[in-house]
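The end of the sequence shown is residue 285 by my numbering, with every number in the run present. C-beta: ideal position from N, C-alpha, C; glycine also. Nothing here was measured: the structure is a model prediction, and the numbers come from that model. Everything below concerns the one structure shown next.
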Amino acid sequence: MPETMPGNDPEVAATPRFAVEMASTRAAVAEAQRLRYHVFAEELGATVHTEQPGHECDTYDAFCRHLLVRDTQSAEVVACSRILDGETAATAGGFYSESEFHMHAIRRLPGRLMELGRTCVAPGYRGGATIAALWSGLARHIVEEAYDYLIGCASIPATDGGAEAAAIMQRLRRRHMTPDGLRVQPRTPLPANVRHLTGSVRMPALLRTYLALGAQVCGEPCWDPEFRVADVFILVDTRSLSARYVRHFLRVDATAIPRGANAEPALHTRS
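See the structure below:
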């Protein structure tokens, strides 16, 4: 249930706290890029190459659609993600993920691919309501555009040299890996001699969300020294989307999701 603004006026009380939109102007895209800079560069310490001070941007931005979540009280963009489909990726020179992974097996999948990237949420807004707004917008887009597969990179902090990523990969290999025929290969693998962590390691929030949707991990992670993370490549067959997730965000039956013309039976999810 969406959060509401305070007050006794029935119209005000019924106003949702967050609004979801696709950026339709350069100014709106710039808002997302400023949020990305704040989160990735200022908060997380990523090395950002940009000609626009205070903006995190790259050549893919011009080809992507940018999903924004606004706080309706302040009109600020408080969460964002960018979307690149397979058809547009051909014009962009490929998917962003291809800069990190050899993904020939994924390219051979039938149907439509949607790449999700640069997802971030502003500090102070990392609660359930903001995340729900973001993912409801993404789910709506998946349904409306009839995508067959969702792909993207989920990041694991690697400021410790990759120890946390190595520990998380041990858990992922046990339950969440794709079959061998659907694997990608990292262009820059994790260092082979990372130290071993003892005790439990917390799964990053975005990766947890992907796994809750039914995502599978397509192989070993890629080391990204500029963003100081290890990225894992994830794959979601949209027919495998959690029925509870679809009902919660879209209020429709999961079987109502339209499929692309070239779709084949769903991937088998390991349990």
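- Exclusion of the five residues before and after G233 leaves R197 and V198 as the residues of its chain whose Cβ lies within less than 6 Å of its Cβ.
- Residue environment analysis places G68 among the exposed positions, since fewer than 16 neighbouring C-beta atoms fall within 10 angstroms of its C-beta.
- Scanning the segment 65–108 for uninterrupted beta strand (DSSP E) segments of 3 residues or longer gives 79–85 and 91–99, listed from N- to C-terminal end.
- Just so you know, the alpha carbons of L220 and V246 end up roughly 11 Å apart.
- Per DSSP, the continuous alpha helix (DSSP H) segment holding G151 begins and ends at G142 to E159.
- Apart from the 5 residues on each side of it in sequence, A104 has no Cβ closer than 7 Å to any other Cβ in its chain.
- Inter-residue distance for R121 and S88 is about 41 Å (C-alpha atoms, whole angstroms).
- Counting only the Cα atoms, R222 lies some 20 Å from W237.
- Distance between S150 and V83, taken at the CA atoms: about 10 Å.
- Closest in C-alpha terms to L123, from the list V91, Y161 and L148, comes Y161.
- M36 places its beta carbon less than 8 Å from that of H80.
- Between the alpha carbons of R201 and N207 lies a distance of about 17 Å.
- In this structure, the beta-carbon distance from V243 to A172 falls below 8 Å.
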